[in-house]
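Under the numbering used here, the letters of the sequence shown match residues 1 to 791, in that order.
Using N, Cα and C, we set each Cβ at its ideal position, and we do this for glycine too.
The structure presented is a predicted model; accordingly, all values stated were derived computationally and were not measured.
Here the structure is laid out as structure tokens; the discussion comes afterwards.
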Amino acid sequence: MASRTVTFEYHPGLADFRFDAVRLCGNWDDSGKPSADWSPTAMQRVVENGQPPYWRTNFTFADSCDGETFVWGVQTDGPAGMNVWGIASEVDDITSADRTIAFTLANDTPPQHYFLSWCGRLGVSRVRSSEGQPDAARFSVWAPNARSVSLVLVDPVMGYVANDGTGTVRSFEMTTQNDGIWSTTLTQAPLDSYEAAVGLNYMFHVTKDDGTSAFRTDLWSLMQVGTGDFDPAGASYPGPPQNLEGPQSCSVVCDSKVVTLNSESTVSAREFWTDEFVADRPMPVSIDDLVIYELHVGALGFNHDGPGTLADATEFLDHLSALGVNAVELLPIAQFENAASWGYGTSHFFAMDQAAGGTDQLKVFVKACHRRGIAVILDVCYNHYTSNAERAEWAYDSNEPIKNIYYWYEGEPGDYANPDGGYIDNMSSGWAPRLDVEAVRQLFISSAAFMVSVCHVDGFRLDQTSSIHQYPVLHANGQRCDRAAAFGVKFLRQWTRTMRLLAPRLFLCAEDYSGWTAMTESSLNGAGIGFDATWDADFHHHLVEFQGGGYSELIREAGFGDNRALQVDRFADTLRASALLKVVYHESHDDVGNRPGSARTIVTAVNGAPLFGDTRKWAEARVRFATAMSLLSAATPMFFMGEEVGAAKPYRYNDFVANREDIAGLGAGDGAKLLAFYRKVVAFSVTRNAIRSRNIFVALADNASRVLSFHRWDDEETYCVVASLNDVPFSQGYVLHDERLGNFAWREVFNSDALEFGGWNVGNSGAELHADNGAMSVILPASGAIVLQRA
């Protein structure tokens with residue numbers, strides 16, 4: 001009987017994405033005929049041509065099965081465990097979450113490939129030419145609509161190519177295998193080694209499907225030229241390159257095997273990471289362990305003009321270490337459109353913004369964090385691109401909207417009064433990405449994998465995931481786009497699955513306000529979306545403020561100083577919900593001055609009154625209350641930079657540099673006592689397993705007295721937190737009626753009103769309190785919180 005042999009390959013991506021074993025599985029039996037019983041076949045690990053290791057096997061099918069459609073996938077043994085399904089992507093069908101690859105058997109069935117990540121497939125990669133020869137540089141770009149593509153080397157004095165080609169030094173034709181990927185390998189002296197190519201400025205000259213041409217950056221580049229904000233807009237540019245804005249400038253060949261520490265010092269990556277960790281400073285291992293400090297690198301740099309840099313962030317780590325937080329979350333640091341922005345308009349997802357210091361300085365920052373036991377979480381934005389993407393994602397290889405490969409477009413241009421009507425809005429500041437295309441999904445997936453592998457980051461916070469799976473609508477009329485939303489779900493599952501397969505202990509958080517419980521259910525072993533936790537904005541809105549939103553706004557309402565009744569019971573509901581895999585915060589970057597009505601907590605706490613004398617004392621007391629609520633909740637707590645020292649200037653998108661405050665200086669001055677409180681409450685939160693558990697019971701929410709109490713516990717310890725926003729203390733005692741108090745003895749172990757924190761020192765002075773059948777009198781400070789531990 002004749003037979004058909006098919007080659008199957010499974011490509012993880014980078015070299016350190018390792019599996020112990022991979023097995024081919026498909027809907028056929030041992031004789032190569034269709035079968036409902038899937039028999040696994042061992043695949044062999046292959047290392048060749050300088051490519052990252054991959055897995056391969058051949059399987060022979062019966063000739064009688066010609067024309068039969070088969071489906072296949074792989075089982076893996078690796079970081080995520082034994083017998084884990086290794087296909088992360090789903091089929092192109094919004095009614096199915098099936099994760100298999102289909103092919104039709106024929107005499108010339110091509111090799112079947114699956115790429116878990118596309119690391120090493122696009123951008124600049126190493127290729128070994130032949131035995132004993134140096135690695136060569138291969139350039140690859142995805143441009144499926146292009147008639148032709150050329151690699152263009154650029155004059156480094158300019159760092160830019162004008163629309164007429166000015167700035168071009170040399171060009172090389174690229175070829176395609178009809179898969180939409182164009183490639184060329186440099187083999188001619190003096191560019192006959194990868195090392196010789198390092199530092200080259202380059203772009204791609206793309207001839208589009210209509211015959212027009214354009215210069216395009218490498219969206220997979222590891223570096224973009226320029227630390228400034230100037231866009232020549234296609235005109236001839238004489239330089240200097242440092243003034244250029246990265247999204248429009250040239251890409252640069254980099255070597256991820258080395259780390260450039262400064263202009264005079266370079267070490268191998270292996271040597272650089274050797275002493276990454278310190279034995280007596282363990283890293284957090286669970287989302288429940290974290291206390292997160294949200295940091296905008298650009299808002300640092302107190303001692304120089306212009307936005308802060310990663311070097312400033314590394315210097316700032318002494319402050320974070322003393323503060324005691326064990327995780328730092330960076331606002332987006334990948335190449336973005338304007339150095340003086342928040343970074344949410346990303347253009348190049350592999351290249352760290354040069355104005356901030358670039359990718360190697362991120363490595364320096366990460367290593368310095370790890371040596372202090374601090375995890376690094378990157379904020380990433382996949383719901384839209386930079387608004388100025390002319391040389392990045394926009395119309396990359398075609399001028400037709402329906403062929404705008406990185407952007408989602410519905411229908412035909414003639415269907416709308418304006419051709420833009422077919423693009424998708426999703427409540428972001430740009431059109432939605434085309435997430436039903438694997439190459440687009442892999443731009444995001446592979447860049448995250450690269451950050452984990454090469455930069456050693458510990459997790460990610462995904463911006464506005466609701467925009468990806470819930471908000472997509474047609475620009476023309478606001479009609480919901482079900483396919484775009486469905487593929488948003490598919491993308492998020494593929495992204496989290498890939499991360500879990502490669503590095504299962506990553507911290508994965510989503511800014512998601514949908515209330516969808518699937519967001520924190522497993523995607524690797526189920527149909528959940530796969531995040532560890534979602535942001536809970538309601539917690540902040542009920543606790544601090546959100547004007548016009550119908551929230552309780554405890555801190556803002558207390559700031560009127562008239563002892564009015566507060567809706568403590570509504571905040572209590574969000575406190576209960578903190579057990580449901582949430583990240584909670586009393587401040588985030590969105591809530592400290594940029595949103596209308598928002599301000600720094602210390603300002604909100606006294607409704608904008610001047611911060612001196614008794615007014616500041618009350619403001620700080622209410623800040624301490626808010627901080628205690630988030631750090632003692634059952635969620636993963638977070639707070640924004642500067643809150644710990646009473647920073648008061650608004651943090652806004654367009655003028656944060658002008659309004660930045662010297663955090664270390666404030667901590668040594670007016671904010672010293674508030675900083676002392678933060679250090680103590682952070683340490684209390686981090687070091688007590690009962691506080692970092694998800695166990696919480698809200699026992700009391702007294703609106704009239706503005707008192708709240710709740711319990712936190714584990715198998716060894718039990719705590720009761722009692723907090724008051726009353727403007728006068730309960731000096732003679734507030735009687736709690738709470739059956740969980742039982743007949744136990746309780747002792748005060750923490751008081752936010754302590755003198756060392758700038759308080760009035762009203763409390764129980766560490767005395768042992770005794771409950772009688774669930775009743776106990778407790779002295780409570782004004783605008784403060786105490787923690788009682790059961791004896």
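Margin query: Does the contact criterion of 3 or more C-beta pairs under 8 Å hold for the stretch 244-253 versus the stretch 186-203?
Written below: Three or more Cβ pairs closer than 8 Å define a contact, and the stretch 244-253 meets that threshold against the stretch 186-203.
Margin query: Going by beta-carbon coordinates alone, are residue 223 and residue 359 separated by less than 8 Å?
Written below: Residue 223 is a Cβ neighbour of residue 359, given a cutoff of 8 Å.
Checklist line | Of the listed residues 361, 7, 191 and 645, nearest to residue 265 (C-alpha basis) | finding: Its Cα nearest to that of residue 265, the residue 361 stands out among 361, 7, 191 and 645.
Next item on the list: Answer yes if the stretch 684-701 comes into contact with the stretch 335-342, meaning at least three C-beta pairs across the two stretches below 8 Å, and no otherwise.
Entry: Between the stretch 335-342 and the stretch 684-701 there are fewer than three inter-stretch CB-CB distances shorter than 8 Å, so the stretches are not counted as touching.
Check: Between which two residues does the beta strand (DSSP E) carrying residue 797 extend?
Finding: Residue 797 falls outside the range modelled here, since the chain spans only 1 to 791, and no answer is possible.
Next item on the list: With DSSP as the reference, label residue 712 as helix, strand or coil.
Entry: Three-state result, residue 712: strand.
Item checked: Residue of 715, 716, 725 and 717 minimising C-alpha distance to residue 709 -> When only C-alpha atoms are compared, the closest one is 725.
Checklist line | Close beta carbons around residue 324, own chain, < 7 Å, minus the five adjacent residues each side | finding: Excluding positions up to five away in sequence, the list reads 679, 682, 683 and 686.
Next item on the list: Please state if the CB of residue 536 and the CB of residue 582 are separated by a distance shorter than 8 Å.
Entry: Contact flag set, yes.
Next item on the list: Can you check the stretch 142-227 for any alpha helix (DSSP H) of at least 4 residues that lies completely inside it and give the ranges in chain order?
Entry: With a minimum length of 4 residues, the continuous alpha helix (DSSP H) runs that stay inside the stretch 142-227 are 194-197.
Notebook entry, point to check: What distance in whole Å lies between the Cβ atoms of residue 752 and residue 677, which are believed to be in contact at a cut-off of 8 Å?
Noted result: The pair is a contact, with the Cβ atoms about 6 Å apart (cut-off 8 Å).
Margin query: As an exercise, report each continuous beta strand (DSSP E) stretch of at least 3 residues that is fully enclosed by the stretch 332-369, in chain order.
Written below: Unbroken beta strand (DSSP E) stretches of 3 residues or longer found wholly inside the stretch 332-369: 334-336 and 346-352, given in chain order.
Notebook entry, point to check: In chain order, which continuous runs of the beta strand (DSSP E) of length 3 or greater are located wholly inside the stretch 269-337?
Noted result: Correct list: 292-295, 327-330 and 334-336.
Margin query: Assess contact between the stretch 235-243 and the stretch 152-168, defined as three or more Cβ pairs (one per stretch) separated by less than 8 Å. Is contact present?
Written below: The answer is yes - the stretch 152-168 touches the stretch 235-243, with three or more Cβ pairs under 8 Å.
Notebook entry, point to check: Rounded C-beta distance between residue 502 and residue 458? I'm assuming under 8 Å.
Noted result: Here residue 502 is actually not in contact with residue 458; their C-beta atoms are around 13 Å apart, not less than 8 Å.
Next item on the list: Would you check if the stretch 440-455 and the stretch 472-482 touch, i.e. whether three or more CB-CB distances between them fall below 8 Å?
Entry: Of all C-beta pairs linking the stretch 472-482 to the stretch 440-455, fewer than three are shorter than 8 Å, placing the two stretches out of contact.
Checklist line | Beta bridge counterpart(s) of residue 560 as assigned by DSSP | finding: Residue 560 pairs with nothing; no bridge assigned.
Checklist line | Helix, strand or coil at residue 78 according to DSSP, with G and I counted as helix | finding: In the structure shown, residue 78 sits in a strand (DSSP, three-state: E or B).
Check: Tell me which same chain residues have a C-beta within less than 6 Å of the C-beta of residue 861, skipping the five on either side of it?
Finding: The requested residue 861 does not occur in the structure, where the chain is confined to residues 1 to 791.
Next item on the list: Indicate whether residue 116 and residue 26 have their beta-carbon atoms separated by less than 8 Å.
Entry: Result no, Cβ atoms of residue 116 and residue 26 do not sit closer than 8 Å.
Note to self: Our contact map puts residue 485 next to residue 568 with C-beta atoms below 8 Å; I'd like the distance itself, whole angstroms only.
What the structure shows: A Cβ-Cβ separation of about 37 Å leaves residue 485 out of contact with residue 568 under the 8 Å criterion.
Item checked: 3 or more residues per run - each beta strand (DSSP E) lying fully within the stretch 236-270 -> Here the runs fully enclosed are 258-262 and 265-268.
Check: In this structure, what does DSSP give as the bridge partners for residue 54?
Finding: DSSP lists 46 as the beta-bridge partner residues of residue 54.
Next item on the list: Return yes when the Cβ of residue 780 is within less than 8 Å of the Cβ of residue 734, no when it is not.
Entry: For residue 734 and residue 780, yes; Cβs fall inside 8 Å.
Checklist line | Identity of the residues DSSP links to residue 794 by a beta bridge | finding: Nothing about residue 794 can be reported from this structure: the residues present for the chain run from 1 to 791 only.
Next item on the list: Determine which residues share a DSSP beta bridge with residue 25 and list them.
Entry: Looking at the DSSP assignment, residue 25 forms a beta bridge with 73.
Note to self: When you compare the CB positions of residue 723 and residue 628, do they come within less than 8 Å of one another, or not?
What the structure shows: Yes, these two residues count as a Cβ contact at 8 Å.
Next item on the list: Under 6 Å Cβ to Cβ from residue 657, same chain only, skipping five residues before and after it: list those, please.
Entry: Hits under 6 Å: 307 and 340.
Check: Alpha carbon to alpha carbon, what distance is there between residue 385 and residue 414?
Finding: Between residue 414 and residue 385, the C-alpha separation is close to 25 Å.
Checklist line | Buried versus exposed, by CB contacts within 10 Å (16 or more), residue 189 | finding: Of the other Cβ atoms in all chains shown, fewer than 16 fall within 10 Å of the Cβ of residue 189; this residue is therefore exposed.
Check: When you compare only the Cα positions, how much space is there between residue 309 and residue 168?
Finding: Their backbone Cα atoms lie some 31 Å apart in a straight line.
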